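Those protein sequences? They're chains A and B, same order as listed.
For the first sequence, the residue numbers in the numbering used here are 96 to 315.
For the second sequence, the residue numbers in the numbering used here are 200 to 869.
In this text, a Cβ means the ideal position worked out from N, Cα and C, and glycines have one as well.
Since we're looking at a predicted model, the values are computed, not measured.
Read the structure below first, then the notes.
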Amino acid sequence: MGNLAFDIAHLLAGGLVLVSLMLLYQDRLYALLNVFALQATVLAMSVAWQAWVQGAPHLYITAVIALVVKAIVIPVALHRIIARLGIHREIENVVSIGPTMLAGIGLVALSMVVMLKVTADADPLAREDLAFALSVVLLGLLMMVTRRNAVSQVVGFMSLENGLILAATGAKGMPLVVEISVAFSVLVAFIVIGIFLFRIRERFDTVDVHALDRFRGDQR
Amino acid sequence: MVTIVGLWCVAALLGIAGFGIVAGNWPQGSRLIYGATAATSTVALITAVLQLVGGVGAPPSIVLPLGLPWIGAHFRMDALSAFFLVVINLGGAAASLYGIGYGQHEREPQRVLPFFPAFLAGMNLVILADDAFSFLLSWEFMSLASWALVMAHHHERDNIRAGYVYIVMACFGTLALLLAFGLLAGPEGGYAFASIRAHQLSPPLAGFVLGLALLGAGSKAGLVPLHVWLPLAHPAAPSHVSALMSGVMTKVAVYGFIRIVFDLLGPAAWWWSFPILAIGSGTAVLGVLYALMETDLKRVLAYSTIENIGLIFVGLGLALAFRANSLPAASALALTAALFHAFNHALFKSALFFGAGAVLTATGERQMEGLGGLIHRMPTTSVVVLVACVAISALPPLNGFASEWLAFQAILLSPQLPLWGLKLLVPAVGALLALSAALAAACFVRVFGIVFLGRPRTQAAERAAEVDRWSLSAMVILAGLCILAGILPGFVIDAIAPVVQSLVGDRMPVQGGINWFSIVPVVESRSSYNGLLVFCFIAASASLAAYVIHRLASHALRRAPAWDCGFPQSSPATQYTASSFAQPIRRVFGGYAFQAQERVEMPPPGDLRPARIEVDLHDRAWELIYTPVTNAVSFAAERLNRLQFLTIRQYLSLVFFALVFLLLVLALWS
């Protein structure tokens, strides 16, 4: 039983990393949102599995929050925003897909090496979980760095935050309050960024953050 | 017990500081505040004296639940702390007493009243602190409070610059001390002094800590070339605060140095005394040369502080040299001389700054060239300043002589040192000390002669009147203590003995039982000094001479042109000025030390302008050290300024790459 629990947790967390890598090469916004919803679903499954393994019922609440807010509400809302802004055809990539994917793979390897080395005497379940979580966080950051469109930066931020939740649930004894507050802070950040999107659009007729730099008088 | 009393005094001072914010606007507020600080300082003084003289060993450390949560704040009053608390609270009580009168002339008392007690509290806390965190916190508190006092008269342009230079140097010093304590505490972070003592550093690290302590404490004390802020900042504050900063705060820096190097750092390596001796003696000579060139009365005093700090550090360096070569008795002698001189300097420098403050109150003039003849208008002040001048010039029978004599006795023991380097260096240091003592005497002859003797050079000096009784009583008390400590140095030496015992493991011979209050530094066959005897002799011979002159001189009436010897015209401008007094010394030393250049500007024939002589002096520390450093800092700042103008994505990338880099470091090196 213990082995099976470990294997399934491993599978789900690994799936999350895989989906994060998938996020990296989506150059259509709708596809990006769909993959993000998939990521949130995998996260919810992973959290639910953790809840069952650890016998911690409050984690089910986290899983439900992840599923409802991140897999349904936020993607739907972003869909509508994109539709209203009329940017669903836009394609943007700063660094081309090949190097991005290579960098992503490098980051995953790095986080594995670091985590497995640092947490040598920790519980193996939490250990693997933390390693995957760190990869997801790094991939999210990579996405924020390589994208120019504000919407995909938001998605990168959300994916980063998914990694945080994975880490938080993987470690035993994380109180529910922390998770809920993290979830809500993301929601707030989402709302703020959404408002900003409209303001940016209103002013510059684009959601390319490049426009902000140009407006500030920077060259490039 | 004593530590608790000390802490309560600090708490009371902080309370008074809070009260000072309100009391600044009351008509009698300043009297109230200074009275309260005087009373509190006196209580702290008595406590510290009792602990020093009758103390039974070191009391245990008190831990208060303040500061960093897992450390707490440790406080302790051992012998060393008690000695420096005596110095601080003696100066503090005298400055408060002086302030009761002097503070009345303050135009904006609310800029001084809250910070004065806070400054005293900060200095007391530095001494009481028994862990690195509270030490640094109180040190910085002391710096900031004194900075606020320097900026009290912020409308004057020079004061703003002084405050700026001061705060930069103070931050630099604290940074050096922070690094020193970080190294001392080691990787485990045992910040309590007890655990630092238990922790031994490797020799190169210990040497590094010594350098940092020299930088940190030396910048506060005013060692050349870290002295540049001192002559700017000390005179900028109100005079009683100048007295505290010059007479007392520099001693706090000396305390910090002693605490780190003698107490916390463990056994000394053979080479430690070299830099200290070299810097100390250089500081002594350069400090007094600067003082001789200066014509602003308070700045002269500030420069003279630099000289005395150099002397004290020479004493400390000698003590370290003797201790490293296991000559504890000689080490005790040198350390006693240093501590004794620190105590004396607090006395006479405070008295001198009080005198300068009194002159400033009476005439509104700080330039010596505008003073003169004050001995008739301010008799008590001039007597006090005369006593302090004699003391600081190290003339017997006053206290300055006693401590410098002890220092020279320690220097005379240097042939016992096994190292050839020290055998050669120490006599050279002795020669420099002798030079600085002679120059100091010239400097204070100049100060007293120009300010108090002769005839008034300005109308302000002519209209001067004696200051109020509070100020006078503070000055008279300090002058009296100078005389007492000079006549009976044995008692002071015995009081310092427990401090010396705890630091170098030996003490000077007990002086209490020796006949006629002589002091004997090593053995009687070698040397001894009797302040009382010298005092009696000077008093008796002077009275006798005065009597003989009055009695036996010719009573025949003579008529002669008044002031014809050098003064055919009776204009006060024909008198010796402060600059002309300093000219011979400037000609001898100024070329090397200050790149002094004299230019005579002679108008062509027929032109009615007067001829002028102009002198250019350069502080080479500014040119050689500070200007390049400033240039480097502004260059780096300009380069880094670009970081302010990156795009959002570039900032994110910075964070991202920093994170990846740190993870890589962790992956490769952990």
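Query, Result
"Closer than 8 Å between beta carbons: that is the criterion. Which residues of the segment 202-226 of chain A meet it against chain B?", "Leu202, Leu205, Ser206, Val208, Val209, Lys212 and Val213"
"Between phenylalanine 855(B) and chain A, is any beta-carbon pair separated by less than 7 Å?", "yes"
"What are the boundary residues of the alpha helix (DSSP H) that isoleucine 156(A) is part of?", "153-160"
"Less than 7 Å between CB atoms is the rule here; does valine 240(A) satisfy it with respect to chain B?", "yes"
"Identify, in the order they occur along the chain, each residue of the same chain with its Cβ nearer than 6 Å to the Cβ of tyrosine 297(B), setting aside the five sequence neighbours on each side.", "His439, Phe553, Ser670 and Ala673"
"Would you mind telling me which residues of chain B sit closer than 8 Å to leucine 237(A), beta carbon to beta carbon, in chain order?", "Phe855"
"Thinking C-beta only, is proline 655(B) closer than 7 Å to glycine 563(B)?", "no"
"For glutamine 314(A), does the count of other Cβ atoms within 10 angstroms reach 16, so buried, or fall short, so exposed?", "Annotation note: pLDDT 48 at glutamine 314(A) (below 50); position unreliable, coordinate value reported separately. So glutamine 314(A) counts as exposed."
"For a quick check, are the C-beta atoms of alanine 369(B) and leucine 414(B) less than 7 Å apart?", "no"
"If you run the structure through DSSP and keep just helix, strand and coil, what is aspartate 495(B)?", "strand"
"May I ask you to verify whether the segment 504-515 of chain B touches the segment 529-538 of chain B, counting CB pairs closer than 8 Å and requiring at least 3?", "yes"
"Looking only at its own chain, which residues have a Cβ that is under 8 Å from the Cβ of aspartate 818(B), when we skip the five neighbours before and after it?", "Val427, Tyr489 and Phe793"
"Interface residues of chain A around leucine 865(B) at Cβ under 8 Å?", "Val209, Lys212 and Val213"
"Going by Cα to Cα distance, which pick from Val408(B), Phe340(B), Met350(B) and Arg725(B) is closest to isoleucine 326(B)?", "Phe340(B)"
"Quick one: grab the DSSP three-state call for histidine 273(B).", "strand"
"Tyrosine 486(B): which of Leu638(B), Val447(B), Ser549(B) and Ile737(B) sits nearest, CA to CA?", "Looking at the sequence provided, one finds glycine at residue 486(B) rather than tyrosine. Ranking the options by Cα distance to glycine 486(B), first place goes to Leu638(B)."
"What's the call for proline 578(B), buried or exposed, on a 16-neighbour Cβ count within 10 Å?", "exposed"
"Any Cβ of chain A within less than 7 Å of the Cβ of leucine 618(B)?", "no"
"With three or more C-beta pairs closer than 8 Å as the rule, is the segment 378-387 of chain B touching the segment 395-412 of chain B?", "yes"
"From glutamine 250(B) to histidine 433(B), what distance separates their C-alpha atoms?", "31 Å"
"In the structure shown, what three-state DSSP assignment does alanine 728(B) receive?", "As written in the sequence, residue 728(B) is tyrosine, which differs from the alanine given in the question. Strand, per DSSP."
"Check whether the Cβ atoms of alanine 777(B) and isoleucine 649(B) lie closer than 7 Å to each other.", "yes"
"Work out the CA separation of alanine 361(B) and glutamine 710(B) for me, nearest whole Å.", "44 Å"
"I'd like to know whether the C-beta of leucine 862(B) is nearer than 7 Å to at least one C-beta of chain A.", "yes"
"If we count the other Cβ atoms within 10 Å of its Cβ and call it buried at 16 or more, is tryptophan 868(B) buried or exposed?", "exposed"
"In the DSSP assignment, the alpha helix (DSSP H) including valine 709(B) goes from what residue to what residue?", "From DSSP, valine 709(B) is part of no alpha helix (DSSP H); its letter is neither H nor E."
"From which residue to which residue does the beta strand (DSSP E) around aspartate 815(B) run?", "811-815"
"Hey, how far is the Cα of serine 115(A) from the Cα of alanine 320(B)?", "59 Å"
"Per DSSP, which one or two residues make a beta bridge with glutamate 800(B)?", "Arg811(B)"
"Can you tell me whether leucine 851(B) is buried or exposed? The criterion is at least 16 other CB atoms within 10 Å of its CB, across all chains shown.", "buried"
"From the DSSP secondary-structure annotation, give me the bridge partner or partners of valine 262(B).", "His273(B)"
"Count the other C-beta atoms from every protein chain shown that fall within 10 angstroms of the C-beta of histidine 749(B), then say buried if there are 16 or more, exposed otherwise.", "exposed"
"Comparing C-alpha positions only, which one of Ser740(B), Ser727(B) and Arg645(B) sits nearest to isoleucine 193(B)?", "Residue 193(B) falls outside the range modelled here, since chain B spans only 200 to 869, and no answer is possible."
"Determine the extent of the alpha helix (DSSP H) in which glycine 217(B) is found, giving its start and end residues.", "201-222"
"Beta-carbon within less than 8 Å of valine 733(B)'s beta-carbon, same chain only, minus the 5 sequence neighbours each way: which residues are those?", "Pro595 and Pro596"
"I'd like to know whether the C-beta of phenylalanine 101(A) is nearer than 7 Å to at least one C-beta of chain B.", "no"
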